[in-house]
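Enquirer:
2 protein chains.
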Amino acid sequence: MILAIAGKRLAAHGIRGLNIKDIAQDAGINHGTLLHHFGSAEGMRTALLTNLTEALIADMSAILNSDAPADTIFVELFRLMSQSGHNKLLAWRALEDAEDSPLTEGPSEKLIQQILDGVTRRIQGRDITLAQNIIFLALSSAVGWGICGPALKQSLGMSRTQQDQFPAWVSEQLPKLIQWTSQTLLDTY
Amino acid sequence: MILAIAGKRLAAHGIRGLNIKDIAQDAGINHGTLLHHFGSAEGMRTALLTNLTEALIADMSAILNSDAPADTIFVELFRLMSQSGHNKLLAWRALEDAEDSPLTEGPSEKLIQQILDGVTRRIQGRDITLAQNIIFLALSSAVGWGICGPALKQSLGMSRTQQDQFPAWVSEQLPKLIQWTSQTLLDTY
DNA sequence: GTTATTGTTCACAAATATGTTAATAGTGAA
DNA sequence: TTCACTATTAACATATTTGTGAACAATAAC
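Protein chains in written order, with the UniProt record's numbering: chain A, 1 to 189; chain B, 1 to 189.
1) Between the stretch 135-150 of chain A and the stretch 66-81 of chain A, do at least 3 Cβ pairs fall closer than 8 Å?
2) Three or more C-beta pairs closer than 8 Å, one from the stretch 153-160 of chain A and one from the stretch 59-72 of chain A: is that the case here?
3) For residue 163 of chain A, count neighbouring Cβ atoms within 10 angstroms of its own Cβ and tell me buried if that reaches 16, exposed if not.
4) Tell me the residue span of the alpha helix (DSSP H) that contains residue 133 of chain B.
5) Closer than 7 Å between beta carbons: that is the criterion. Which residues of the stretch 152-181 of chain A meet it against chain B?
6) In chain B, which residues lie less than 9 Å from residue 33 of chain A when you measure between Cβ atoms?
7) Alpha carbon to alpha carbon, how far is residue 29 of chain B from residue 90 of chain B?
8) For residue 168 of chain B and residue 26 of chain B, I'd like the C-alpha separation in whole angstroms.
9) Select from the stretch 120-141 of chain A all residues with a C-beta closer than 8 Å to any C-beta belonging to chain B, and list them in chain order.
10) So, is residue 171 of chain A buried or exposed, given that buried needs 16 or more other C-beta atoms within 10 angstroms?
11) Would you say residue 23 of chain A faces chain B, with C-beta separation under 9 Å as the test?
12) Listing by chain order, which chain A residues have their CB less than 7 Å from the CB of residue 87 of chain B?
13) Of all the CB atoms in chain B, is at least one closer than 9 Å to the CB of residue 116 of chain A?
14) Does DSSP classify residue 175 of chain A as helix, strand or coil?
15) From what residue to what residue does the alpha helix (DSSP H) around residue 14 of chain A run?
16) Starting from the beta carbon of residue 14 of chain A, find every residue of chain B whose beta carbon is closer than 7 Å, and list them in chain order.
17) Can you tell me whether DSSP reads residue 26 of chain A as helix, strand or coil?
18) So which residues on chain A does residue 90 of chain B lean against when the C-beta distance must stay under 7 Å?
19) Taking 6 Å as the limit between beta carbons, can you name the residues of its chain near residue 34 of chain B, skipping five residues before and five after?
20) For residue 20 of chain B, which residues in chain A fall below 8 Å Cβ to Cβ?
21) Interface residues of chain A around residue 63 of chain B at Cβ under 9 Å?
22) Taking the C-alpha atoms as reference points, what is the distance between residue 130 of chain B and residue 31 of chain B?
23) I'd like to know whether the C-beta of residue 185 of chain B is nearer than 9 Å to at least one C-beta of chain A.
24) Using the beta-carbon count (16 or more within 10 Å), is residue 125 of chain B buried or exposed?
25) Buried or exposed: where does residue 36 of chain A fall if 16 or more other Cβ atoms within 10 Å of its Cβ makes it buried?
26) Mind listing the chain B neighbours of residue 143 of chain A? Cutoff is C-beta to C-beta under 7 Å, in chain order.
27) Residues of chain A with a CB under 8 Å from the CB of residue 5 of chain B: which are they?
28) Decide if residue 68 of chain B is buried, meaning its Cβ has at least 16 other Cβ atoms within 10 Å, or exposed.
29) Can you find the residues in the same chain that come closer than 6 Å, C-beta to C-beta, to residue 3 of chain A, ignoring five residues on each side of it along the sequence?
30) If the cut is a Cβ gap below 7 Å, which residues of chain B does residue 112 of chain A touch?
31) Could you say which of A:139, A:133, A:150 and A:140 lies nearest to residue 173 of chain B if we only look at CA atoms?
32) Let me know the secondary structure DSSP gives residue 43 of chain B once reduced to three states.
33) Can you say whether residue 40 of chain B is buried or exposed, counting buried as having 16 or more other CB atoms within 10 angstroms of its CB?
See below:
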């Protein structure tokens, strides 16, 4: 409950919104209570960080485990990353985390492996490296889209609707990319 | 000089590193001097924001105006975005800026238009929308790569060298994408 | 009902960040 | 030189954030 409010404050006011006084006020409780729960202001922030990260992983899981057609999955991923909660989380992690730590250890690893297998199976020759590159392209693009998509749209002079259609365009192109490359792979061998 | 030190503090310690006391200490001056120059702590931060943004635009201009072969340009863009100063800036902007403002008004607009023209010319049918999508894909991916590339690499189980080669792979694929799509466009019309 | 545990508030304290002022030193122009 | 202006410092003042401890209430276990 408190973390949900903190998350909204992060999305609305950035890191400066993450002080215990304001969060407690939004939650209608005394800031001492908040300290009692999380030990310290910093403890509250790390709790929020893991909480938001788990939420992101959960949302990604829901998309990837759904039985939606493959080409809508990319669209969903882009939509997911453009949600204020998630892209602010990624920006926050990028700013604060000095280390190159993976999002989480544990359940998400299995999830990623699962996607990797799925994509690899679709590639002639089952080129894992190619699959990794494709996924990397999709995810990094989705992240970049979420973080500075609107600004880029402005700079490129793209209309609102064109920006909205970009995810769909990407999800059309990526499978073609796989096929295209796999054909050249067949030529090579 | 002061802003350069502030920029290093942003890259090293995140937003919490951007307080006038620590910055002044790093610069070897009194924090009153810093206030005298920038008017306020907030004034210093906005000065840093525009300064870093201009640096980013300048670096992009240098790459795009160089006479390097077209396929190395994407690689350079990715390398640029992975530099600590630039990706932290983008994360900062994403966190603090509520508005969907373009990076800058002014010189960069002409720059982007220039790229757009260049790419459009290479497309059969001169499909501007397609060019915009391609550029959007390249830039958003570069941004995402800069912001959480290492974390994604970990999660995908990619080797260090494979991650390093990803930009080169992208710059191979994107032109193919143009050609591929332009052929279907010819079929359509 | 008593007890222990937990959650909560309040008043205050400590720490940190920001801003102010007066004094001083340099710098260039008249 | 003298004057005006700018840069700089140090000490102080204010504001904001975080943390502490005692007191009190609620709750569940015994």
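All C-beta atoms in this analysis are idealised placements derived from N, C-alpha and C, irrespective of residue type, glycine included. All of these numbers come straight from a predicted model, not from anything done at the bench.
Expert: Answer, in terms of the structure:
1) Verdict: yes, contact present.
2) Taking 8 Å as the limit for Cβ pairs, the verdict is that the stretch 59-72 of chain A does not touch the stretch 153-160 of chain A.
3) Classification for residue 163 of chain A: buried.
4) Segment 128-156, the alpha helix (DSSP H) holding residue 133 of chain B.
5) Those residues of the stretch 152-181 of chain A that come within reach of chain B (Cβ to Cβ, closer than 7 Å) are 152, 154, 155, 156, 158, 162, 166, 169, 170, 173, 176, 177 and 180.
6) Contacts between residue 33 of chain A and chain B, judged by CB atoms closer than 9 Å, are missing: the closest CB pair is about 24 Å apart.
7) Residue 29 of chain B and residue 90 of chain B: Cα-Cα distance of roughly 28 Å.
8) Residue 168 of chain B and residue 26 of chain B: Cα-Cα distance of roughly 38 Å.
9) Within the stretch 120-141 of chain A, the residues whose Cβ lies closer than 8 Å to some Cβ of chain B are 129, 132, 133, 135, 136, 137, 139, 140 and 141, listed in chain order.
10) Residue 171 of chain A sits buried, since 16 or more C-beta atoms from the chains shown fall within 10 Å of its C-beta.
11) Interface flag for residue 23 of chain A against chain B is unset, since no Cβ pair is found closer than 9 Å.
12) The answer, in chain order, is 94.
13) For residue 116 of chain A, the closest Cβ of chain B is nearer than 9 Å.
14) In the structure shown, residue 175 of chain A sits in a helix (DSSP, three-state: H, G or I).
15) For residue 14 of chain A, there is no enclosing alpha helix (DSSP H), as DSSP marks it with neither H nor E.
16) Among the residues of chain B, those whose CB is under 7 Å from the CB of residue 14 of chain A are 95 and 96, following chain order.
17) Assignment of residue 26 of chain A by DSSP, reduced to helix, strand and coil, places it in the helix class.
18) What residue 90 of chain B touches in chain A: 147 and 148.
19) Apart from the 5 residues on each side of it in sequence, residue 34 of chain B sits with its Cβ closer than 6 Å to the Cβ of 20 and 24 in its chain, given in chain order.
20) Chain A residues near residue 20 of chain B: none, gap ~15 Å exceeds 8 Å.
21) Listed by position along chain A, the residues whose Cβ is nearer than 9 Å to that of residue 63 of chain B form an empty set, because the closest Cβ is around 16 Å away.
22) For residue 130 of chain B and residue 31 of chain B, the distance between alpha carbons rounds to 51 Å.
23) Model confidence at residue 185 of chain B stands at a pLDDT of 41, short of 50, so the residue's coordinates are unreliable; what they give is reported in the following sentence. Interface annotation, residue 185 of chain B: not in contact with chain A, CB-CB separation never under 9 Å.
24) By the neighbour-count definition (other C-beta atoms within 10 Å, threshold 16), residue 125 of chain B is an exposed residue.
25) Looking at its Cβ environment, which holds fewer than 16 other Cβ atoms inside 10 Å, residue 36 of chain A is exposed.
26) Within chain B, the residues near residue 143 of chain A are 144, 147 and 148.
27) Going along chain A, no residue has its Cβ under 8 Å from residue 5 of chain B, so there is no contact; the nearest lies around 18 Å.
28) Here residue 68 of chain B is exposed. Its C-beta has fewer than 16 other C-beta atoms within 10 Å.
29) 48 and 51.
30) Here the neighbours are 155 and 156.
31) By alpha-carbon distance to residue 173 of chain B, the top candidate from A:139, A:133, A:150 and A:140 is A:133.
32) In the three-state DSSP reduction, residue 43 of chain B falls in the helix class (H, G or I).
33) Exposed.
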